[in-house]
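J.:
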Ligand code: PNW
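Residue numbers (the UniProt record's numbering): 1 to 484.
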């Protein structure tokens, strides 16, 4: 234990996260059928390089080695997701062969003394359900609830922590409005309906799982940004930050914790597409918001970067990299007028995302102060990480930028802990290099390098550093000076 460093609380959990479609492969084995991502990957131009998840990291066949690797790194917990189309290939009837994979994985984790943290939905909706409207259809929320109960029947005695959805913002607006993710649609109405039915599925699943077993730790993971006005004195800039915050953060935090959608944002969107908002309002039935606001135990916070925004269009070419535009230059914001990203000279990752660790401290503090603290909902950073171009040498992979990134963000978490925020753990995204959605295999987020020819795994310098931090349960001063 470091004597001069900053220690983590005794019960703080260190882990790493992955998602089914990004690592499993085995896309056509043991009865698995297409998800919307299998189909989306076949659309020319949808994914960089025409890549897909058919093989990915072949984790479906290599999970034993991967768990052994987690054990070697000292991970205390592993956050993974279940492929709905493996377990219920058409969205409905159960496929025992697919389910067996998750039983084997969970047993392996428990054997290694690694806490299994299960996410039910990380974006791979069965294609059969998309053909019936996907998340724009209310029936999808009901089928999601049934699927959650199937999973609980199979694993309820062995998995203590259950996350319903990963990042419903991505699964609704980035997917049905911005078109960047599957199913690749460009509709404000669909984005709004999808967000509501995702949240409804979350609330129903929490209610039913809770009724089955009061001891489960239940929650949801949201992706956030920290939106700052370029000039806090300019009303147009302050308004731009309000719009980003409202559509990205409050659209999900408010219904989950306060049983309401943010009225200012509803009105903003109404000005853009009144018919879409009318359709959304008709879809929000009596009682839905109470269902969505079921008490939860754990709130997952995913943080990659913030946004500096202005209300006035820049004189020069707009900056890229933030979520204000998709790769194809479309906006995932239903109300995107007056949102202009501003360059602030921060370092950027290989994907163009800004590196802004202090934003994580502010984000955790804000979620705690405004939403979760008074209810005693625990916070976990369920994702944080960066894509960089690694330097591969004989037997080692050097990723100094990622080492700095991880240290700086763990420092930011400790700053939040010191300020009294109830944050209980951190998951690095991701354990392995993997299929980075619309970016294909072009962007590597792993602390473990994957050679996609041989499937060989090599822990990067960042993995060794993370393992050291976990073992010491502290951030020592030496490298902190350089990182923060
Ligand atoms: C998250 N955006 O995705 C996901 O949960 C992971 O599956 C993913 O690999 C990771 O972050 C890195 O991208 C996001 O455009 C994708 O704002 C896009 C955005 C945010 C999160």
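The beta carbon of each residue, even a glycine, is placed where N, CA and C say it ideally should be.
According to DSSP, what are the bridge partners of residue 393?
T.: 396, per the DSSP bridge assignment.
J.: I think residue 32 touches residue 91, with their Cβ atoms under 8 Å apart; what is that distance to the nearest whole Å?
T.: Residue 32 to residue 91, Cβ: 13 Å. No contact.
J.: Within a Cβ cutoff of 8 Å, which residues of the same chain sit near residue 20, ignoring the five residues on either side of it in sequence?
T.: Correct list, in chain order: 80, 81, 82, 83, 86, 122 and 124.
J.: Anyone know if the C-beta pair for residue 306 and residue 369 falls short of 8 Å?
T.: Against a cut-off of 8 Å, the Cβ pair of residue 369 and residue 306 comes out as no contact.
J.: Could you give the first and the last residue of the continuous alpha helix (DSSP H) run that contains residue 40?
T.: Per DSSP, residue 40 belongs to the alpha helix (DSSP H) from 36–41.
J.: What does DSSP give as the partner residue(s) for residue 429 in the beta ladder?
T.: Beta-bridge pairing links residue 429 to 17.
J.: Where does residue 68 land, buried or exposed, given buried means 16+ other C-beta within 10 angstroms?
T.: Label assigned to residue 68: exposed.
J.: Taking 8 Å as the cut-off, does the segment 439–447 touch the segment 382–395 (at least 3 CB pairs, one atom from each stretch)?
T.: The segment 382–395 is in contact with the segment 439–447.
J.: Taking just the CA atoms, how far does residue 411 sit from residue 481?
T.: Low local confidence applies: a pLDDT of 36 at residue 481 is under 50, so the model's placement there is unreliable, and no value is given.
J.: Cβ-heavy atom distance between residue 41 and the ligand PNW below 7 Å?
T.: No, the beta carbon of residue 41 sits no closer than 7 Å to any heavy atom of the ligand PNW.
J.: Where does residue 465 fall in DSSP's three states?
T.: Residue 465 falls in the helix class under three-state DSSP.
J.: Can residue 56 and residue 24 be called in contact, C-beta distance under 8 Å?
T.: It is a contact, given that the beta carbons lie within the stated cut-off.
J.: Going by C-alpha to C-alpha distance, which of 161, 356, 11 and 334 sits closest to residue 243?
T.: Looking at the Cα atoms, 334 is the closest of the given residues.
J.: Can you have a look at residue 357 and say buried or exposed, based on whether 16 or more other CB atoms are within 10 angstroms of its CB?
T.: The residue is buried, with at least 16 neighbouring Cβ atoms inside 10 Å.
J.: Could you work out which residue in 73, 134, 96 and 289 is closest to residue 428 when comparing CA atoms only?
T.: Nearest of 73, 134, 96 and 289 to residue 428, Cα basis: 73.
J.: If you draw a straight line from the C-alpha of residue 111 to the C-alpha of residue 215, how long is it?
T.: Rounded to the nearest angstrom, the two C-alpha atoms are 21 Å apart.
J.: In the DSSP assignment, the alpha helix (DSSP H) including residue 241 goes from what residue to what residue?
T.: It spans 235–245 - the alpha helix (DSSP H) in which residue 241 sits, taken as one unbroken run.
J.: Once you ignore the five residues that flank residue 154 on each side, which residues in its own chain have a CB closer than 6 Å to its CB?
T.: Within the same chain, residue 154 has close Cβ partners 99.
J.: Looking only at DSSP bridge pairs, what is residue 118 linked to?
T.: 80 and 162, per the DSSP bridge assignment.
J.: How far does the alpha helix (DSSP H) with residue 139 in it extend, from its first residue to its last?
T.: Residues 138–155.
J.: Leaving aside the five residues before and after residue 452 along the sequence, list all residues of the same chain whose C-beta is less than 7 Å from its C-beta, in chain order.
T.: Cβ within range, chain order: 441.
J.: Which same chain residues end up closer than 6 Å to residue 304 when comparing Cβ atoms and leaving out the 5 residues on each side of it in sequence?
T.: The residues are 353.
J.: Can you find the residues in the same chain that come closer than 8 Å, C-beta to C-beta, to residue 400, ignoring five residues on each side of it along the sequence?
T.: Cβ within range, chain order: 461.
J.: Consider the C-beta atom of residue 437 and the heavy atoms of the ligand PNW; say whether any pair is separated by less than 7 Å.
T.: Yes.
J.: Does the pairing of the segment 233–249 with the segment 187–206 give three or more beta-carbon distances under 8 Å?
T.: With the cut-off at 8 Å, the segment 233–249 and the segment 187–206 do not touch.
J.: Going by other Cβ atoms of all chains shown within 10 Å of its Cβ, with 16 needed for buried, is residue 372 buried or exposed?
T.: By the 10 Å Cβ count, residue 372 comes out buried.
J.: Going along the chain, which residues of its own chain have a beta-carbon closer than 8 Å to the beta-carbon of residue 265, five neighbours each way excluded?
T.: Excluding positions up to five away in sequence, the list reads 243, 246, 247, 250, 251 and 335.
J.: Which residues does DSSP pair with residue 221 in a beta bridge?
T.: Residue 221 pairs with 166 and 300.
J.: In chain order, what residues of the same chain lie with their CB nearer than 7 Å to the CB of residue 398, ignoring the 5 residues before and after it?
T.: Only 390, 391 and 461 meet the Cβ criterion.
J.: Hey, would you say residue 292 sits closer than 8 Å to residue 376, going by beta carbons?
T.: No; because the gap between Cβ atoms is not below 8 Å, this pair is not in contact.
J.: Per DSSP, which one or two residues make a beta bridge with residue 448?
T.: 432 and 459.
J.: Tell me whether residue 173 counts as near the ligand PNW, meaning its Cβ is closer than 7 Å to at least one heavy atom of that ligand.
T.: Outside the cutoff, so no.
J.: So, with DSSP's three-state summary, where would you put residue 197?
T.: If DSSP states are grouped into helix, strand and coil, residue 197 belongs with the helices.
J.: Could you give the DSSP three-state label for residue 88: helix, strand or coil?
T.: Coil, per DSSP.
J.: Could you please give the first and the last residue of the uninterrupted beta strand (DSSP E) stretch that includes residue 383?
T.: Taken as a continuous stretch (DSSP letters only), the beta strand (DSSP E) holding residue 383 covers 378–383.
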